[in-house]
Structure formats: structure tokens, C-alpha cells
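The next block holds one structure in the form of C-alpha cells; read it before the comments.
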Amino acid sequence: MDLALNINISSRHLSFVETGKSNPSRGLILKIAHTLKLPLRHQNAILIAAGFTPEFEELPFDGQKMKIVREALSYMLEKHKPYPAFVVNTSYKILMRNSGYDQIIKFYAGENALKKYDNAIKILFAEDGLKHSVKDWSTVEHFLLTRLKEEVVSTQNSDLTALFKEVSKQRTKTPPIHFQIDESLPILNLVLEKNKRRVSFFTTIATLGTPLDLTTQEIRIEFLFPSDEETKQFFHSL
0 MDLALNINIS
10 SRHLSFVETG
20 KSNPSRGLIL
30 KIAHTLKLPL
40 RHQNAILIAA
50 GFTPEFEELP
60 FDGQKMKIVR
70 EALSYMLEKH
80 KPYPAFVVNT
90 SYKILMRNSG
100 YDQIIKFYAG
110 ENALKKYDNA
120 IKILFAEDGL
130 KHSVKDWSTV
140 EHFLLTRLKE
150 EVVSTQNSDL
160 TALFKEVSKQ
170 RTKTPPIHFQ
180 IDESLPILNL
190 VLEKNKRRVS
200 FFTTIATLGT
210 PLDLTTQEIR
220 IEFLFPSDEE
230 TKQFFHSL
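Residue 19 in numbering that gives the first Met the number 0 sits at position 20 of the sequence shown; the count goes up by one each step and never skips.
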């Protein structure tokens with residue numbers, strides 16, 4: 000009833016659409032999708048299922064139309080230095096990164112890992128990536144796999160599904176997880192440690208507002224902030 004009122008049709012008509020007794024128009028599908036706040040990729044999928052063409056483009060990230068977006072992202076990454084920041088798509092492919100990110104990967108995983116992996120999740124889970132430098136890895140692994148599974152279900156993105164299956168095979172065989180939370184901080188932090196050099200971060204994730212295409216809506220910018228003085232000093236010394 001609420002949905003029918005919001006899209007200005009009768010609940011009887013909406014019921015017929017839901018059960019397949021009535022074929023919805025393109026406009027009605029978009030009204031329903033907009034009211035339910037569905038992601039643009041989902042809206043395209045519903046249109047295709049109903050026999051219509053997609054409404055929203057998926058622009059190439061390196062295309063001319065995305066130039067202004069790339070410039071804005073580059074500005075944000077630059078301003079976040081010396082701390083790490085990077086841009087990913089839905090499947091965590093790294094689209095852009097700053098020098099702070101390069102430095103942390105080179106130090107804790109080696110320069111080869113930076114060349115080998117272009118995916119933020121793969122570089123964490125890889126044996127020759129960050130995995131062995133992450134403190135309390137089993138906790139971080141459990142958290143990331145749980146989040147990935149939820150995103151697979153909500154996005155129905157084939158690349159993300161493939162990524163989840165791939166990293167799930169690398170799951171560490173460990174006893175039940177016991178979360179160790181630093182009660183001195185109001186946020187969960189990520190700690191890397193190698194050769195007695197320890198850094199601690201908390202992260203923020205930003206998205207672009209008012210997107211009109213799939214690429215723009217699915218872009219995420221991740222900023223790593225130091226959660227202690229030791230980490231601040233480490234980056235400023237670089």
C-alpha cells in the first residue's frame with residue numbers, strides 16, 4: 000500500500016505487476032526502482048528482465064566524460080598525502096592511488112606486490128602481499144570476508160562474486176575468532192607490523208554524490224588515517 004501510494008498507482012495494479020498478471024511500462028519500472036532506492040545497476044537489470052533497454056550507461060573510467068571526476072579524485076588523493084589513499088570500483092580494482100599507498104605497500108609487501116596486484120582485496124589476502132604483516136589477521140580476514148559476502152548479495156556483481164570465491168579459498172584455517180578491540184579508540188583500526196616497524200590506521204570511505212551512470216555510482220575512495228603518533232611520524236619521515 001505504501002509503495003503504491005508513493006508511485007501514485009493503485010495497490011491492485013501494483014499487485015498485478017508483482018505477480019506477473021500485468022506488464023509494467025518502462026516508466027513504472029523506473030518509478031518503483033527509484034522509490035525503492037535501488038542501485039543503478041539493479042535498475043538496469045530490472046528493465047532488461049522486463050524486456051526494455053538499460054537506462055544508465057557504464058562509462059569507461061579513463062574516458063573523456065569521466066575526466067572531471069578523475070581530476071576531482073586526483074585532487075583528493077594528493078591532498079591526503081603523506082597518508083595512503085586509493086580509489087576502487089565495486090570489485091575493489093584499484094583505479095587510482097597516491098604515493099602514500101605506494102610507500103606502505105612497498106615497505107610491508109615489497110615492490111613486486113605493487114606491480115603484481117591491482118586489487119585492494121587481493122593484495123591483502125595474497126601470501127606475497129600484506130597478509131603476513133597484518134596484526135590479528137584472522138580477525139581482519141573474518142571481517143573482510145563477511146563484508147564481501149554481504150556486498151556480493153546486495154550488488155549481484157559478477158566480478159565481485161568471482162573475487163569473493165577466489166579469496167575464500169585462501170581462508171586461513173584458524174580456531175573461532177575472538178575479536179580484540181582497542182578500547183582506547185572509538186573505531187576499529189588496521190595494524191601492520193614488519194621488522195619492528197608498526198603502523199596503525201583507521202579508514203574512511205567516500206562516494207560521489209548524485210551519480211548518473213554506473214561507473215560514477217560504484218566508485219569508492221578509501222582514506223587511511225594514522226591512529227597513533229608513531230604512524231604519523233613514520234609517514235612524515237618518508
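Note that the Cβ used here is the ideal one computed from N, Cα and C, for glycine as well.
ask   = Could you check where the alpha helix (DSSP H) with A119 kicks off and where it finishes?
value = Counting along the chain, the alpha helix (DSSP H) containing A119 begins and ends at 119 to 124.
task = Measure the C-alpha to C-alpha separation of V198 and I122 and round it to an integer number of angstroms.
result = Roughly 17 Å between the two C-alpha positions.
request  = Consult DSSP for F106 and reduce its assignment to one of helix, strand or coil.
outcome  = Reduced to three states, the DSSP call for F106 is helix.
ask   = Within this structure, are the beta carbons of S98 and A161 separated by less than 9 Å?
value = Cβ distance not < 9 Å, so S98 and A161 don't count as in contact.
Assigned secondary structure, T209 (DSSP; H/G/I helix, E/B strand, else coil) = In the three-state reduction of the DSSP assignment, T209 falls in the coil class.
Proximity winner among D135, T202, F124, D117, relative to K164 (alpha-carbon distances) = For K164, the nearest C-alpha among the options comes from F124.
query = To the nearest angstrom, how far is it from the Cα of F222 to the Cα of I120?
reply = A direct Cα-to-Cα measurement between F222 and I120 gives close to 15 Å.
request  = Let me know if R96 comes out buried or exposed under the rule of 16 or more other beta-carbons within 10 Å of its beta-carbon.
outcome  = Residue environment analysis places R96 among the buried positions, since at least 16 neighbouring C-beta atoms fall within 10 angstroms of its C-beta.
task = With DSSP as the reference, please indicate the residues paired to I28 in a beta bridge.
result = In DSSP, I28 forms no bridge with anything.
message = Just verifying my parser: in three-state terms, what is the DSSP assignment at K193?
response = In this structure, K193 counts as strand in the three-state DSSP scheme.
task = Under 8 Å by Cβ, that's how I've got L76 and A108 pegged, so tell me the actual separation to the nearest angstrom.
result = 20 Å between Cβ atoms; not a contact.
query = If we count the other Cβ atoms within 10 Å of its Cβ and call it buried at 16 or more, is L237 buried or exposed?
reply = Exposed is the call here.
ask   = Quick one: complete beta strand (DSSP E) runs, 3+ long, within the stretch 12 to 100?
value = With a minimum length of 3 residues, the continuous beta strand (DSSP E) runs that stay inside the stretch 12 to 100 are 84 to 87, 93 to 96.
query = So L223 is in the beta strand (DSSP E); what residue range does that whole segment cover?
reply = Segment 219 to 225, the beta strand (DSSP E) holding L223.
key: Backbone secondary structure at I204 - three-state DSSP   = Note: I204 maps to strand in three-state DSSP.
ask   = For the alpha helix (DSSP H) that R316 lies in, which residues bound it at each end?
value = Any question about residue 316 goes unanswered here, given that the chain covers just 0 to 237.
message = Could you check whether the stretch 143 to 159 touches the stretch 201 to 211, counting it as contact only if at least three pairs of C-beta atoms, one from each stretch, sit closer than 8 Å?
response = Touching, no.
ask   = Below 9 Å between beta carbons: does that hold for M65 and T214?
value = Yes, Cβ-Cβ distance for M65 and T214 is below 9 Å.
ask   = Across which residues does DSSP place V198 in a beta bridge pair?
value = BP columns for V198 point to L191.
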